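Going line by line, the protein sequences match chains A and B.
According to the working numbering, the first sequence is numbered sequentially starting from -8.
According to the working numbering, the second sequence is numbered sequentially starting from 220.
See below for the structure under consideration.
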Amino acid sequence: MSDAGYDIIERLIRNISHEIKNPLTTIRGYAQMLGMKPCEPDFIEKTRKMVIDNVDLIDERMNALYDVFGLEPGNPVNTDLASVLNAVVGQLDPAIAQRISLDATGAPREVGIDPGQLTRALGLILNGFCWENFPSADARILADRSGEGKGVAVRILFGGVDFSDMGSGSFYLPFSGKKHFRRGTELFEVFAMSEKNGWRFDIASGEGRRGFLLVI
Amino acid sequence: MEGEHKILIADDEAGVRELLTDLLSGSFNVDAVDRGDAVLGRLAEGNHDILILDLQLPGMNGIDVLRAISEKKTRVMVVIITASNNVETAITTMKLGAYDYLVKPFDTDKLLVIIKNIVEKLELEKEVDTLREQVGEKFRFRNIIGKSPSMLRVFSTLERVIDTDSTILISGDSGTGKEIIAKAIHYNSNRKQFPFRSLDCSTIPKDLIGSELFGHEKGAFTGAISRKIGKFELASKGTLFLDEIGNLSIDMQAKLLRVLQEKEFERIGGNQIIRVNTRIVAATNKDLRELVQQNRFREDLYYRLNVVPVYLPLLRDRKEDMPLFIDHFLRKYNQEYGRTLNIDIKARIFLTEYRWPGNVRQLENVIKRLVLLSTGQSVDTEQVKAILDLEGSSVPAVDAEAGAPDAVDAPRERKIVSLDEMERDYLERALEKFGYNISLTAKALEISRKTMHNKLKKYGIVIRKTTGV
């Protein structure tokens, strides 16, 4: 395996370990507190709940990772790209939707793609993003023919957000983008979907913004 | 005690925030945030003593939070909690001033021990701050006696340069209060929370002064059994008072000049460059310009020290301050010895008109002795004269009653006598001054009653009468 491969695995393990160690801290801490002093029944009940909740949290995080590996390639059909993009924005919370602008004038009208998987990929990015943590953030979706071999490029470019600490090579690794995305596995799922469907998923920039590129 | 301390928890994981809140809220005032960029604002408004900081935080990562805390000099003790056991990260955080570093999932007992140690440190710091404040208060300009125009000029000069790093050269006769002014400069400046150190260049042997100033490494010279930190280093960020700077050897003057210019030095026997930011206040009772002309003081060092010159006047040249000094020392020693002694008006005039060759220090000693030795409620001129005479001062006062100054005593021609003869003569004079009261005479001579009796026996002195001063 190449050094780059080892680096990716190391980063992956570090990220996952970080996500597991947090709930483990909570479980261990409450277990230790039980032994510190005579506990009230309410505290024992709370401890029980905290232990269960945090075990569930570990389980949820591991399941999110497993789910990614169960993805199947989509069934491409001629799809109206603008309608898909509009539908994705339309499904968002209206407060978020109004912070997003869309420009698909440079894109072909129809694209051979699985509309369900494209909708899910774009939804993972737009829905997974922690809008509430970035009050000044907005997003611009640009679709045109600037992809490799004049393929269709869909860029989701965020304004008012600094993605620089995500790196570029393995930005999609699980929990790498946890500062910006709710679960931290959203970008990895888009990456896995891209691998299955022959798309390209990458970091992108333009118009003074930074975000993500899907070449479909 | 612990309940007074406030802890801020910064972790994006709800479970960890809840755990730490439950763990600590019984003993501390606990507050929590889930974002890095909320930490600084919360610290600013909350006056927290301890911050438990996760490194992976949205908004602003923990390292950046720590860096900002360090840059803003926010007074908070930081404990890092992180899932990463990366050594480099740990070193970085410690370099940025973190108190400790725990890797998740950590032992809560360990965290409690760390918090306990921090609390002890905070309590000690608080105590030091209080003591420093008390010492500082004593040296506030407003608490330094000086209403005379010459002293007001001194204060005015100092207030203009107090918060700068300018070197200050205080000149004035012995006993005019040079060290008090040096301390006032320190405790009124923005360096007051850092150390004040002083070194009397006239009392330290020439061979040791380098070690006192710059420190030495173990084995640097015979007798250097361990590393010694010098005054320059101890007073870094604070003030170093170099008293009697005129007594510094030419060699040492060159070394001092280098530190003043470069702000760095090496300990004796060491090769590590030590950078310091120490303000120098120097003092002298000599005319440094004259020493420069005699090639006994480096001219370049003189100009480097004399950036802000301050001259402290003789006590006899600041008569406006005499009543204040008399009342101040009377109050101080009445309080110290549980007395309610007063000084009558004629004695006060006498004290004011006296020449005070030993300046404020001499006045203080005289009043201390008056309080200690007087048996009545009020002191008159004769009693003051008796104390001054006992001191052996040969510089007389203006005669308060006659209103004319006494002539200055000519140096007495004395034959050479044995020490025993001299002691016997001195004892007899002292006994006479104190009405042959053995206790008072012993006190004045600062010997025990038993020693006094032994000396009386030795010299065959017979006590004739006993009266008060």
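The C-beta atom is built at its ideal place from N, Cα and C for all residues, glycine as well.
A quick note: this is a predicted structure, and the numbers were derived from the prediction, not measured.
Legend entry - Close beta carbons around H9/A, own chain, < 8 Å, minus the five adjacent residues each side: F166
Inset, instruction - List the residues of chain B whose Cβ lies closer than 9 Å to the Cβ of R200/A, in chain order. - result: The premise fails here: R200/A is roughly 19 Å from chain B at the closest Cβ pair, so nothing lies under 9 Å.
Inset, instruction - Below 8 Å on the Cβ atoms is my guess for L609/B versus A649/B; work out the distance and round it to an integer in Å. - result: 6 Å
Inset, instruction - Check the Cβ of S8/A against every Cβ in chain B and list those closer than 7 Å, keeping chain order. - result: A302
Inset, instruction - Classify K141/A as helix, strand or coil using the three-state DSSP reduction. - result: helix
Inset, instruction - Consider the Cβ of D241/B: report whether some Cβ of chain A lies at a distance smaller than 8 Å. - result: yes
Legend entry - Identity of the residues DSSP links to K225/B by a beta bridge: N248/B
Inset, instruction - Inspect the beta-carbon positions of A98/A and D58/A and report whether they are closer than 8 Å. - result: no
Legend entry - Beta-carbon gap between M184/A and L62/A smaller than 8 Å: yes
Inset, instruction - Report, in whole angstroms, the separation of the C-beta atoms of L164/A and F179/A, which I expect to be a contact under 8 Å. - result: 6 Å
Inset, instruction - Quick one: residues in its chain with C-beta nearer than 7 Å to the C-beta of L646/B, no 5 flanking neighbours on either side, listed in chain order? - result: K674, Y678, I680
Inset, instruction - Could you tell me which residues DSSP puts in a beta bridge with F755/B? - result: In this structure chain B extends from 220 to 688, so residue 755/B is not present and cannot be described.
Legend entry - Cβ neighbours of I381/B in the same chain (closer than 7 Å, five flanking residues each side left out): I404, N407, S408
Legend entry - V206/A versus K12/A - alpha carbon distance: 36 Å
Inset, instruction - Let me know if A47/A comes out buried or exposed under the rule of 16 or more other beta-carbons within 10 Å of its beta-carbon. - result: Correcting the residue type first, residue 47/A is Asp in the shown sequence and not Ala. It is exposed - the Cβ of D47/A has fewer than 16 other Cβ atoms within 10 Å.
Inset, instruction - Within its chain, find whatever has a CB closer than 7 Å to the CB of R286/B; leave out the 5 residues flanking it on each side and keep chain order. - result: L315
Inset, instruction - Evaluate G107/A with the Cβ neighbour count: other Cβ atoms within 10 Å of its Cβ, from every protein chain shown; 16 or more gives buried, anything less gives exposed. - result: exposed
Inset, instruction - Indicate whether K482/B and R410/B have their beta-carbon atoms separated by less than 8 Å. - result: no
Legend entry - Listed by chain order, chain A residues near V249/B by CB distance under 8 Å: Under the 8 Å cutoff, chain A gives no residues; its nearest Cβ is about 14 Å from V249/B.
Legend entry - For H435/B, the residue or residues it bridges with in DSSP: K447/B, I487/B
Legend entry - Chain-ordered chain B contacts of L15/A [CB-CB under 8 Å]: K323, P324
Legend entry - Straight-line Cα distance separating I333/B from I110/A: Just to set this straight, residue 110/A is Thr in the shown sequence, not Ile. About 50 Å.
Legend entry - Buried/exposed call for R498/B, threshold 16 Cβ in 10 Å: buried
Inset, instruction - Quick one: grab the DSSP three-state call for R580/B. - result: helix
Legend entry - For A22/A, the nearest candidate out of D71/A, L56/A, K40/A, P126/A (CA to CA): K40/A
Inset, instruction - Buried or exposed for I60/A, please, with buried defined as at least 16 other CB atoms from any protein chain shown within 10 angstroms of its CB. - result: Note that residue 60/A is Phe in the sequence shown here, rather than Ile. The residue in question, F60/A, is exposed, as its Cβ has fewer than 16 Cβ neighbours within 10 Å.
Legend entry - L534/B to A443/B span [Cα, whole Å]: 43 Å
Inset, instruction - Mark A521/B as exposed unless 16 or more other C-beta atoms lie within 10 angstroms of its C-beta, in which case mark it buried. - result: The sequence as given places Tyr at residue 521/B; Ala does not occur at that position. Under this definition Y521/B is a buried residue.
Inset, instruction - Tell whether a beta-carbon distance below 8 Å holds between R236/B and A251/B. - result: yes
Inset, instruction - In the DSSP assignment, find the unbroken beta strand (DSSP E) run with I387/B in it and report its ends. - result: 387 to 390
Legend entry - Burial state of D319/B (16 or more Cβ within 10 Å): buried
Legend entry - Straight-line Cα distance separating E431/B from A605/B: 42 Å
Inset, instruction - In the DSSP assignment, find the alpha helix (DSSP H) that holds A663/B and state where it starts and stops. - result: 657 to 663
Legend entry - Sub-8 Å separation of A78/A and L148/A beta-carbons: no
Inset, instruction - For A629/B, collect the residues of the same chain with a Cβ closer than 8 Å to its Cβ; drop the 5 residues on either side in sequence, then sort them by chain order. - result: Annotation note: pLDDT 33 at A629/B (below 50); position unreliable, no value reported.
Inset, instruction - Residues of the region 74 to 94 of chain A with a CB closer than 8 Å to any CB of chain B: list them in chain order, please. - result: none
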